[in-house]
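Okay, so the sequence shown: first residue is 1360 according to this note's numbering, each after it adds one. Note that CB positions come from ideal geometry on N, CA and C, so glycine has one too. All values derive from a computational prediction rather than experimental measurement. Taking it in order: structure first as structure tokens, then the write-up.
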Amino acid sequence: MRVDYPDDVATPVAREIGLRAGAGRSVEWLAAPSSADVTFTPEGVLLAYNSAAERMFRVPTGLDLRGENVLGYCVVPARLVDVVRGVQLTGRIENWDCEFRRMDGSTLHTVVNLVGNFDTDRTLTSLRAHIFNITEWRRGHDRALFGCRLEALGRLAGDVAHDFNNLLTVILGNAERLRFAAGDGPLRPAADAIIDSSTRAAELTRQLLAFGRRQVLQPHVVNLNDVLQTVEADVRRTFGRRIAVAVDVDLSLAAVHVDPDQIADVLSTLAAHSVDAMADGGTLALRTRHAEISADRPAALCFVQPGSYAQIEMAHNGDPLDSDTHVRLLEPFCGDAGPGRQGRGLAAAFAVVKQSGGYISVSSAIGAPTTFTLWFPVHEQPMTVAATSEALDVATATILVVDDEDAIRRFVGDSLRAAGYAVLEASAAADGELIVASSPGRVDLVITDVNLGGVSGPELGARLRQQSPHLKLLYISGGDDDLNLGAEAHTSFLQKPFGTKLVVQRVRELLAA
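And the structure:
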């Protein structure tokens, strides 16, 4: 039988104890009427509880818990023992942070105020606890704290990746030159090994930059159906023998403003993770849809802001995720350790989607497909085709390279000279401005690092264009989250690390634009 009593009236048990205690000390209740009230002996034997406690601890209807020991419901029983000792000494304990186990096994985070009942010789006869449920507040606090830690880790990861990419650019670029010089000689395998390791290291730094949201995105107004078509072709070519690919696209899908290459990388990563889950084969389903998210959206979509979205779904019928992996899959460096899985963490994909203004979720359950869903805000402006100008002759093009890293500046300059360009070099922004000002119209393209000492690359680019409005700009960097080149004409970006072939190709494309 449950004991239910008003919170402002002593329970029959407490009143009986008070009568036995005679002139025992009076108590001052510290709780609001909505708190759970529980009375128990110093040994932990439960004497009484109210209806709020029954609801808070999810006690099944009709179940009487009197006589049970409250220590069994404490996550750390020893803490309650220490608190009882404290009440014996001081008479009361306020704002005790305690975790309990509910009857259904879930964890209950609480703040507890305890007051002791004493007899005439100061012997503790019982304790009355006012329990306040702070579970939801605690979860929000933990999420906020976790977010702060991730933000700090992201900044550290971005800074490390940025500096490491500078080193990799020099390593990769010079290794390519060594491979070319080695030809088919005995040093060719060593050069190939350096290039292969540098390329793999570059992928790791790319994931670090994505996690820290320090990648430079080059967004365009695109249709996600086109991006999905590219990924579909890659998946069929790479995994076609193992899996079937089903595609269902919305031909009326609205355009979005994203970096198509980065989104393609995200989808390729999700596809690779999905294929890992289909060790015995299966089907990978790709679908695009228009989605309207309203203010009264379901609770499962509370993280998506109301608005119009282009939606991509990728689903597979392979092994479902276990509950722990399902929750942590998008956390940094989380690995799915199931049979045949490669332990890919998807935090990089998550960060790229968030940096693009979108949202991503994953759902997985036994008997249902595992589904990744991505939402990107619809872009209201129509897609436009940029006008082209007459291409410059390579033999007459002059390029200015501005970088305060001597090794990178020399590598880029030597690579372009070998390709037939006239190259000027400057180690500081002021030197670059002087070169352009001293010979108006001489420089056709400027390659500048985004992070120069004192002056940023974009600031330098703006100053140079005041002198030469038709100057073309190529920014290079290990990653910077403040650069958005979506609206700038005759401007491009090249992510470090890069080799000789890539920098020459990007220069040719920019000069021909």
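**Report entry** Sufficient close CB pairs (3 or more, under 8 Å) joining the stretch 1468-1484 to the stretch 1446-1455
**Finding:** yes
Requested in this report: Report the rounded CA-to-CA distance for S1715 versus D1618, giving the unit in angstroms.
Outcome: For the purposes of this step, residue 1715 is identified with residue 356 of the sequence shown, where counting begins at 1. For the purposes of this step, residue 1618 is identified with residue 259 of the sequence shown, where counting begins at 1. Using only the alpha carbons, I get a separation of about 8 Å.
Requested in this report: Go ahead and pull the three-state DSSP assignment for W1388.
Outcome: On the sequence shown, residue 1388 is found 29 positions in, with the first residue counted as 1. Because W1388 sits at a pLDDT of 39, beneath the cut-off of 50, its placement in the model cannot be relied upon, and the point is left open.
Query raised in the report: Considering I1602, what are the terminal residues of the beta strand (DSSP E) in which it resides?
Result: Working through the sequence shown from its first residue, we reach residue 1602 at position 243. Run containing I1602: 1602-1607, per the beta strand (DSSP E) assignment.
Report task. Taking D1808 and L1870 to be in contact with their CB atoms under 8 Å, please state how far apart those CB atoms are, rounded to whole angstroms. Result -> Within the sequence shown, numbered from 1, the residue matching residue 1808 stands at position 449. Within the sequence shown, numbered from 1, the residue matching residue 1870 stands at position 511. About 20 Å separates the two Cβ atoms, so there is no contact after all.
Query - Of the residues H1632, V1625, V1586, the one placed nearest I1602, counting alpha carbons only - result: Counting from one through the sequence shown, the residue named residue 1602 turns up at place 243. When each option's Cα is compared against that of I1602, the closest is H1632.
Requested in this report: Kindly indicate if chain C contains any beta-carbon less than 8 Å away from that of A1503.
Outcome: Absent from the structure is chain C; it holds one protein chain and no more.
Report task. State the CB to CB distance for the pair L1563 and A1669, rounded to an integer number of angstroms; the pair is presumed to be in contact (CB under 8 Å). Result -> Stepping through the sequence shown from its first residue, residue 1563 is reached at position 204. Stepping through the sequence shown from its first residue, residue 1669 is reached at position 310. Not quite, the Cβ-Cβ distance comes to about 31 Å (not below 8 Å), so this is no contact.
**Report entry** Close-in-space but distant-in-sequence residues of the same chain around V1744 (CB under 7 Å, 5 per side omitted)
**Finding:** Start at 1 with the first residue of the sequence shown, and residue 1744 comes out as number 385. Confidence in V1744 is poor, its pLDDT being 44 and thus under 50, which makes the residue's placement unreliable; the coordinate value appears in the next sentence. There are no such residues.
Requested in this report: Would you check if the distance between the CB atom of R1559 and the CB atom of R1547 is smaller than 8 Å?
Outcome: Numbered from its first residue, the sequence shown carries residue 1559 at position 200. Numbered from its first residue, the sequence shown carries residue 1547 at position 188. Going by C-beta atoms, R1559 is not nearer than 8 Å to R1547.
Query raised in the report: In terms of residues, what are the limits of the alpha helix (DSSP H) holding E1792?
Result: Position 433 of the sequence shown, counted from the first residue, corresponds to residue 1792. That run of the alpha helix (DSSP H) goes 1788-1797.
Query raised in the report: Using CA coordinates, which residue listed in E1495, F1598, E1739, I1767 is at the minimum distance from H1616?
Result: Locating residue 1616 in the sequence shown gives position 257, where the first residue counts as 1. When only C-alpha atoms are compared, the closest one is E1739.
Query raised in the report: Who are the Cβ neighbours of H1468 in its own chain at under 7 Å, not counting the five residues just before and after it?
Result: Taking the sequence shown and counting its residues from 1, one reaches residue 1468 at position 109. Excluding sequence neighbours, H1468 sits near E1458, I1493, T1494, R1497.
Query - Residues of its chain near V1686, where Cβ-Cβ distance is below 8 Å and the 5 sequence neighbours each way are ignored - result: Counted from its first residue, the sequence shown places residue 1686 at position 327. Only weak support is given to the placement of V1686: the predicted model assigns it a pLDDT of 49, under 50, and the question is left unresolved by the model.
Query - Span of the alpha helix (DSSP H), counted from its first residue to its last, around P1436 - result: Along the sequence shown, read from residue 1 onward, the residue named residue 1436 stands at position 77. Here the alpha helix (DSSP H) through P1436 covers 1436-1449.
Query raised in the report: In or out: P1728 buried (at least 16 other Cβ within 10 Å) or exposed?
Result: As a first step, residue 1728 is located in the sequence shown; it is residue number 369 there, counting from the start. Looking at its Cβ environment, which holds 16 or more other Cβ atoms inside 10 Å, P1728 is buried.
**Report entry** Burial state of I1881, where buried means 16 or more other Cβ atoms lie within 10 Å
**Finding:** Because the chain spans 1360 through 1872 in this model, residue 1881 falls outside it and cannot be assessed.
Report task. Find out if the Cβ-Cβ distance for the pair A1623, A1644 is shorter than 8 Å. Result -> Stepping through the sequence shown from its first residue, residue 1623 is reached at position 264. Stepping through the sequence shown from its first residue, residue 1644 is reached at position 285. No. Outside cutoff.
Requested in this report: State the start and end residues of the unbroken beta strand (DSSP E) segment that holds R1487.
Outcome: Here the question's residue 1487 lines up with position 128 in the sequence shown. Segment 1483-1492, the beta strand (DSSP E) holding R1487.
Query raised in the report: Mind pulling the alpha helix (DSSP H) runs of 4 or more residues that sit fully within the stretch 1575-1657?
Result: 1583-1598, 1619-1635
**Report entry** Extent of the continuous alpha helix (DSSP H) to which M1415 belongs
**Finding:** Reading the sequence shown from its first residue, position 56 is the one you call residue 1415. Note, M1415: alpha helix (DSSP H), 1410-1415.
**Report entry** Cα-Cα separation, T1420 to D1463
**Finding:** Your numbering for residue 1420 matches position 61 in the sequence shown. Your numbering for residue 1463 matches position 104 in the sequence shown. Approximately 13 Å, taken between the alpha carbons.
**Report entry** Residues of its chain near P1856, where Cβ-Cβ distance is below 6 Å and the 5 sequence neighbours each way are ignored
**Finding:** Locating residue 1856 in the sequence shown gives position 497, counting from the first residue. Contacts found: N1524, L1527, T1528, L1531, A1561.
Query raised in the report: With L1430 and G1403 assumed to form a contact (beta carbons below 8 Å), what rounded beta-carbon distance in angstroms separates them?
Result: Here residue 1430 refers to the residue found at position 71 when the sequence shown is read from its first residue. Here residue 1403 refers to the residue found at position 44 when the sequence shown is read from its first residue. 5 Å between Cβ atoms; contact.
Query raised in the report: Near A1778, which residues of its chain fall below 7 Å by C-beta distance, leaving aside the five closest residues on each side in sequence?
Result: The residue you call residue 1778 lines up with position 419 of the sequence shown. Hits under 7 Å: V1863.
Query raised in the report: Roughly how many angstroms lie between the CA atoms of R1438 and S1556, to the nearest whole one?
Result: The residue you call residue 1438 lines up with position 79 of the sequence shown. The residue you call residue 1556 lines up with position 197 of the sequence shown. Spanning the two alpha carbons is a distance of roughly 53 Å.
Query raised in the report: Who does R1460 pair with in a DSSP beta bridge?
Result: Along the sequence shown, one-based indexing puts residue 1460 at 101. According to DSSP, which records beta bridges pairwise, R1460 is partnered with T1466.
Report task. Tell me whether G1532 sits in a helix, a strand or coil according to DSSP, three-state version. Result -> Walking along the sequence shown from the start, residue 1532 turns up at place 173. Here G1532 sits in helix by DSSP.
**Report entry** Own chain, CB closer than 8 Å to G1800, minus 5 neighbours either side, in chain order
**Finding:** One-based indexing of the sequence shown puts residue 1800 at position 441. Answer for G1800: S1827, listed in chain order.
Query raised in the report: Between S1774 and T1859, is the Cβ-Cβ spacing less than 8 Å?
Result: Position 415 of the sequence shown, counted from the first residue, corresponds to residue 1774. Position 500 of the sequence shown, counted from the first residue, corresponds to residue 1859. In contact: S1774 and T1859 (Cβ atoms closer than 8 Å).
Query - C-beta atoms of V1590 and T1647 nearer than 8 Å - result: Reading the sequence shown from its first residue, position 231 is the one you call residue 1590. Reading the sequence shown from its first residue, position 288 is the one you call residue 1647. Cβ atoms of V1590 and T1647: not closer than 8 Å.
Report task. Can you give me the Cβ contacts of I1758 inside the same chain, cut-off strictly under 6 Å, excluding the 5 residues immediately before and after it? Result -> Numbered from its first residue, the sequence shown carries residue 1758 at position 399. Contacts found: L1775, Y1780, V1782, L1804.
Requested in this report: Measure the CB-CB distance between L1833 and L1819 and report whether it falls below 8 Å.
Outcome: Taking the first residue of the sequence shown as 1, we reach residue 1833 at position 474. Taking the first residue of the sequence shown as 1, we reach residue 1819 at position 460. Going by C-beta atoms, L1833 is not nearer than 8 Å to L1819.
Query raised in the report: Is it buried or exposed for N1327, if we count other Cβ within 10 angstroms and need 16 for buried?
Result: Here the chain covers residues 1360 to 1872 and nothing more, so residue 1327 does not appear.
Requested in this report: Give the secondary structure of K1831 by DSSP, where H, G and I count as helix, E and B as strand, and everything else as coil.
Outcome: One-based indexing of the sequence shown puts residue 1831 at position 472. Looking at K1831 - three-state DSSP - the assignment turns out to be strand.
Query - A1556 (DSSP reduced to helix, strand or coil) - result: Counting from 1 along the sequence shown, the entry for residue 1556 is found at position 197. Per the sequence shown, residue 1556 should be read as Ser rather than Ala. DSSP places S1556 in helix when its eight states are reduced to three.
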